[in-house]
């Protein structure tokens with residue numbers, strides 16, 4: 011299949027007549043990404059529209075590098091890769107001519123893509139020219155670190171997720187989803203509300219309100235030490251784990267909790283950053299970005315309050331709602347009948363099959379075995395009548411047999 | 187002395203029989219102590235054998251402690267130097283048999299100890315037969331002569347026939363006869379096969395004999411057609427013994443009716459005679475036929491895995507449930523064997539040991555429940571964990587070992603079997619492509635799920651939920667009411683020993699694997715992949731030659747033990 015090497019005349023080391031314009035560069039990268047021979051879609055519809063062009067740009071650069079390494083004449087490959095690295099270096103110095111690099115320059119600037127990732131990739135392609143098999147796992151891993159990993163890092167950088175942030179709280183997921191696709195974001199928000207609601211429903215019903223215990227529990231007691239101690243440990247983790255990795259970037263330790271730049275905002279800095287980055291990437295403004303995390307946290311509180319109201323303050327509401335929504339309530343209460351359907355279609359069918367096979371085993375397979383023994387059984391049934399145990403019988407039998415033998419001998423002679 | 191060591195190990199249990207028989211009838215209760223002592227002594231000798239084997243032939247694939255006595259040697263009138271007819275007493279131990287011998291030496295005393303309270307009648311006969319059975323099984327695993335193997339193989343039938351027929355359940359006579367005749371039918375065909383093989387050996391080597399070392403060299407002189415028929419003759423004996431679907435119907439019946447120790451030895455040791463027979467005889471003696479039948483046998487194994495797992499699930503009698511599960515598990519054993527890959531064979535052989543431990547223990551557990559309640563129906567029993575917490579612990583433990591929980595022994599072997607089957611169609615272990623491919627492994631893996639289904643189904647019904655006990659569990663007729671509600675110290679010790687072995691093999695199976703692998707390579711795989719029959723030579727002469735050269739160079743250099751198993755070729 012023709013790679014970009016066929017375009018070396020147009021865009022190769024000696025080919026680019028004049029610097030491409032940004033529009034030309036973008037168009038070229040898009041064409042390459044959409045028409046090239048990958049078995050996957052480079053930037054699918056799931057990628058936010060504003061990010062797609064940047065994906066095309068990075069892809070086009072990598073595609074060029076790979077084709078220069080693999081599809082050019084082997085004698086020229088190294089020289090071409092050197093040229094491609096020089097073009098990259100020039101790009102970081104602000105001089106661009108090649109359409110791919112014209113487009114890529116914009117991406118590099120916006121996302122602050124690091125040069126070392128691109129260079130690592132080139133070093134791996136150079137290695138491809140000499141090494142085809144790796145003797146040890148370490149050597150192979152090293153190769154992967156310089157070939158697959160840089161591409162992953164570049165794409166993650168585009169997605170606006172700081173690659174090393176391990177801060178995956180719910181808020182961050184909500185915010186990232188919002189930036190990605192508002193519908194998903196609002197669904198996540200709603201789920202946060204419902205989570206707060208059902209969790210506190212359980213707490214309010216179990217620990218507050220009128221005391222109700224089943225008759226068999228005579229003296230309900232606090233859990234023992236072995237139950238309490240791990241729970242305390244878990245509670246400490248649940249409260250403070252969120253602060254791990256939060257740098258309180260710039261916030262004065264004594265600054266007010268909710269003042270701008272205060273601790274709460276610092277706590278939310280992780281989600282805010284990724285939201286801002288993602289919003290910028292998709293070309294939208296980040297004006298009300300600060301509102302969202304507060305909104306997510308606020309909705310949780312709304313959920314708690316709603317649970318308090320429905321289950322503690324006016325329990326009648328819950329019962330009325332359950333009664334009035336009838337079938338829907340039953341459907342949800344029964345977990346959409348997934349268990350029942352599974353029991354019927356998978357467990358039930360397999361059980362019936364097992365029963366059938368058991369009878370098959372007993373009557374067909376073992377029946378065949380029994381049938382096979384019928385021949386010796388039948389023969390034995392009749393011949394055993396000859397075994398009388400009386401001496402005269404055997405004597406008679408021997409005489410008769412001797413007569414037959416003598417007759418046979420005489421006749422054949 | 188050393189050359190007699192194996193013989194001492196094999197026949198030592200017999201030394202207890204005169205002592206037992208000479209006991210006065212008033213002291214018949216002492217028979218069990220004598221049997222246990224002799225069996226433990228035999229275990230000690232076996233430990234010494236293992237140590238010697240480790241010193242002499244560990245990781246080499248060679249035989250050790252060989253003894254060869256001519257039982258009969260006649261010359262014919264052709265004037266040739268050696269005997270023309272010979273029957274040998276030829277025993278040895280190698281990496282394939284050593285762990286099955288160890289399993290036998292471990293399970294036998296434990297099942298004798300486990301019979302202490304259950305067997306109240308005719309104790310002298312019972313314990314004599316148990317010792318005879320141990321000798322027969324030991325002999326089977328040590329024999330290096332086909333005729334000797336056949337003698338021991340059939341000798342195992344007699345004690346077990348009597349054990350089932352005399353000390354068994356209500357339907358014991360039918361079960362014992364069915365077991366005996368079914369197995370005997372197979373072994374008669376096997377006898378015909380080995381006589382033909384000896385006759386062919388007479389034509390080729392001018393020796394009418396059964397020595398394995400001689401017969402292994404016979405394969406090139408056998409036509410493909412002959413190999414197939416001879417393979418089928420052995421198949422008759424071994425497939426019934428394993429048992430391979432559809433020749434398994436004697437097994438659930440025999441298990442249900444047998445006394446506890448009979449079930450333990452039947453499942454734990456005697457079924458392995460079938461798989462061991464395939465591994466030791468049918469496959470390396472007839473490589474051409476092995477290639478022809480491997481997909482078929484693997485197919486039967488897989489059908490058996492799924493089919494008997496489903497049947498096990500719907501059983502009400504839980505001894506029958508475990509009996510059917512044995513058929514399912516032995517299917518894995520056969521599958522790994524016929525993957526003809528290092529991982530598959532390792533897994534298969536290890537599976538034999540592991541299945542002996544975990545299923546043997548499950549039958550012991552069932553026996554302990556039965557001694558207390560006189561029923562094995564899930565309808566009558568439930569929630570036993572409340573009444574018998576210690577037994578419940580072991581029951582869950584062995585059930586988990588049986589469904590191959592990682593960390594327990596079953597996992598290692600099941601994983602290796604599936605791995606070997608999955609990569610059978612590859613050259614990862616340095617051998618050419620094997621006969622199976624990943625599709626066999628995918629279907630067989632379903633059996634793992636079903637295995638967990640019936641095991642946990644059983645645990646839930648018997649151990650958990652509200653306590654259900656049969657009303658007449660203190661039946662004066664049986665007179666076992668002296669047993670405490672939960673298992674006593676004797677029963678706990680028995681189960682704890684097996685549990686320790688299960689745990690050890692689950693965490694550190696390496697000693698077994700390192701000693702098995704070279705033997706499996708040299709005496710099975712190298713033979714099977716050289717395929718030296720005339721037909722094979724015509725078909726792919728060049729391929730064969732380059733292969734045998736490859737194998738030779740591979741074995742010339744020092745080989746670190748067990749490296750190729752998990753490494754990717756390259």
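Protein chains in written order, with this note's numbering: chain B, 11 to 423; chain X, 187 to 756. Just so it is clear, CB atoms sit at the ideal spot from N, CA and C, and this is done for glycine as well.
Just to confirm the assignment, what range does the beta strand (DSSP E) spanning residue i have?
| i | result |
| --- | --- |
| residue 329 of chain X | From DSSP, residue 329 of chain X is part of no beta strand (DSSP E); its letter is neither H nor E. |
Which first and last residues belong to the alpha helix (DSSP H) in which residue i is found?
| i | result |
| --- | --- |
| residue 683 of chain X | 675-693 |
| residue 510 of chain X | 504-524 |
| residue 601 of chain X | 595-608 |
| residue 463 of chain X | 457-463 |
| residue 611 of chain X | Counting along the chain, residue 611 of chain X falls outside any alpha helix (DSSP H), and DSSP gives it neither H nor E. |
| residue 263 of chain X | Segment: none, residue 263 of chain X is in no alpha helix (DSSP H) and carries neither H nor E. |
| residue 205 of chain X | 202-207 |
| residue 218 of chain B | Element bounds for residue 218 of chain B: n/a, residue is neither H nor E. |
| residue 305 of chain X | No alpha helix (DSSP H) holds residue 305 of chain X; DSSP gives it neither H nor E. |
| residue 671 of chain X | Segment: none, residue 671 of chain X is in no alpha helix (DSSP H) and carries neither H nor E. |
| residue 381 of chain B | 376-382 |
With the cut-off set at 7 Å, would you say residue i and residue j are in Cβ contact?
| i | j | result |
| --- | --- | --- |
| residue 206 of chain X | residue 297 of chain X | no |
| residue 277 of chain X | residue 192 of chain X | yes |
| residue 245 of chain X | residue 705 of chain X | no |
| residue 606 of chain X | residue 525 of chain X | yes |
| residue 460 of chain B | residue 107 of chain B | For chain B, the structure presents residues 11 to 423; residue 460 of chain B sits outside this window and is missing. |
| residue 603 of chain X | residue 533 of chain X | yes |
| residue 468 of chain X | residue 520 of chain X | no |
| residue 327 of chain B | residue 206 of chain B | no |
| residue 199 of chain X | residue 381 of chain X | no |
| residue 1 of chain B | residue 332 of chain B | Given that chain B is displayed from residue 11 to residue 423, the structure contains no residue 1 of chain B and the question cannot be resolved. |
| residue 138 of chain B | residue 99 of chain B | no |
| residue 74 of chain B | residue 14 of chain B | yes |
| residue 309 of chain X | residue 217 of chain X | yes |
Which residue or residues does DSSP assign as beta-bridge partners of residue i?
| i | result |
| --- | --- |
| residue 256 of chain X | X:274 |
| residue 654 of chain X | X:568 |
| residue 397 of chain X | X:331 |
| residue 279 of chain X | X:250 |
| residue 563 of chain X | X:503 |
Check whether the Cβ of residue i lies closer than 7 Å to any Cβ atom in chain B.
| i | result |
| --- | --- |
| residue 360 of chain X | no |
| residue 496 of chain X | yes |
| residue 435 of chain X | yes |
| residue 614 of chain X | no |
| residue 285 of chain X | no |
| residue 652 of chain X | no |
| residue 499 of chain X | yes |
| residue 429 of chain X | no |
| residue 432 of chain X | yes |
| residue 462 of chain X | no |
| residue 493 of chain X | yes |
Could you check whether the Cβ of residue i sits closer than 7 Å to any Cβ belonging to chain X?
| i | result |
| --- | --- |
| residue 367 of chain B | yes |
| residue 141 of chain B | no |
| residue 418 of chain B | no |
| residue 379 of chain B | yes |
| residue 172 of chain B | Any reading at residue 172 of chain B must be qualified, since the residue scores a pLDDT of 34, below 50, and its modelled position is unreliable; the value itself is stated next. With 7 Å as the cut-off, residue 172 of chain B does not count as an interface residue toward chain X. |
| residue 363 of chain B | yes |
| residue 371 of chain B | yes |
| residue 376 of chain B | yes |
If I'm right that residue i touches residue j with Cβ under 8 Å, what's the distance once you round it to whole angstroms?
| i | j | result |
| --- | --- | --- |
| residue 446 of chain X | residue 301 of chain X | 7 Å |
| residue 757 of chain X | residue 458 of chain X | As displayed, chain X neither begins before 187 nor continues past 756, which places residue 757 of chain X out of reach and without an answer. |
| residue 503 of chain X | residue 562 of chain X | 5 Å |
| residue 383 of chain X | residue 416 of chain X | 6 Å |
| residue 512 of chain X | residue 453 of chain X | 5 Å |
| residue 544 of chain X | residue 505 of chain X | So it is not a contact: roughly 15 Å between Cβ atoms. |
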